[in-house]
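A short write-up of the structure that comes next.
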Amino acid sequence: MLVFEKTFITAVTPVDAMISLKSAARLLKLKSLEIASPQDAQRITGYVIGGLSPFGQKRQTKILLCQSALEFDEILVSGGRRGYSVGINPNDLVSATNATVGDFLDHKS
2 MLVFEKTFIT AVTPVDAMIS LKSAARLLKL KSLEIASPQD AQRITGYVIG
52 GLSPFGQKRQ TKILLCQSAL EFDEILVSGG RRGYSVGINP NDLVSATNAT
102 VGDFLDHKS
């Protein structure tokens, strides 16, 4: 989970990817972003770290979806607890959550 001031963002990325905070902020037209504390993430979403779902959050956050997800018919996202995933078409995820889609990964590694 990412944060700028009081704006919280849930980023949906490939499990082996790293987020570029600068690219994510630029995509969302924010000045900057930082990683939210686990305590804030749990308080805002109602989910524990490792189980943050883009669905059913206590206080719905902005959703940021990696554009590479659109290359697949189905992606797996957290279902709200550790080890539980839900398969969904990425376009349906965008529609259901009003997600912002773009390239915000760190391509250095």
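Quick note on our numbering: the sequence shown kicks off at 2 and runs consecutively. Glycine residues also receive a C-beta, built at the ideal position from the N, C-alpha and C atoms. Just so we're clear, the structure is a prediction, and the values are computed from it rather than from any experiment.
Which listed residue (the options) has its alpha carbon closest to that of residue i
{"i": "Val78", "options": "Glu72, Leu71, Ile89 and Ser69", "result": "Ile89"}
{"i": "Asp104", "options": "Glu72, Gln43, Glu6 and Lys7", "result": "Glu72"}
{"i": "Val87", "options": "Gln68, Leu65, Thr98 and Glu75", "result": "Glu75"}
{"i": "Leu66", "options": "Glu6, Ala18, Lys7 and Arg44", "result": "Ala18"}
{"i": "Lys109", "options": "Glu6, Ile20, Glu35 and Ser33", "result": "Ile20"}
{"i": "Ala42", "options": "Arg83, Pro15 and Val4", "result": "Val4"}
{"i": "Lys7", "options": "Ala100, Tyr85, Thr62 and Gly57", "result": "Thr62"}
Cβ separation of residue i and residue j, assumed to be a contact under 8 angstroms, to the nearest whole Å
{"i": "Lys59", "j": "Gly47", "result": "3 angstroms"}
{"i": "Phe9", "j": "Ile64", "result": "So it is not a contact: roughly 10 angstroms between Cβ atoms."}
{"i": "Met2", "j": "Ala37", "result": "4 angstroms"}
C-beta contact flag for residue i and residue j at 8 angstroms
{"i": "Leu94", "j": "Pro55", "result": "yes"}
{"i": "Gly51", "j": "Gly81", "result": "no"}
{"i": "Ala97", "j": "Val13", "result": "no"}
{"i": "Gln68", "j": "Val16", "result": "no"}
Distance, residue j Cα to residue i Cα
{"i": "Asn92", "j": "Gln40", "result": "30 angstroms"}
{"i": "Arg27", "j": "Leu106", "result": "12 angstroms"}
{"i": "Val49", "j": "Glu35", "result": "19 angstroms"}
{"i": "Ser33", "j": "Gly84", "result": "31 angstroms"}
{"i": "Gly57", "j": "Thr11", "result": "12 angstroms"}
Proximity test, residue i beta-carbon vs the ligand GTP heavy atom, cut-off 7 angstroms
{"i": "Leu31", "result": "This structure lacks the ligand GTP; in fact it carries no ligand of any kind."}
(message) If we require 4 or more residues per run, which alpha helix (DSSP H) segments fall completely within the stretch 41–103?
(response) 91–98
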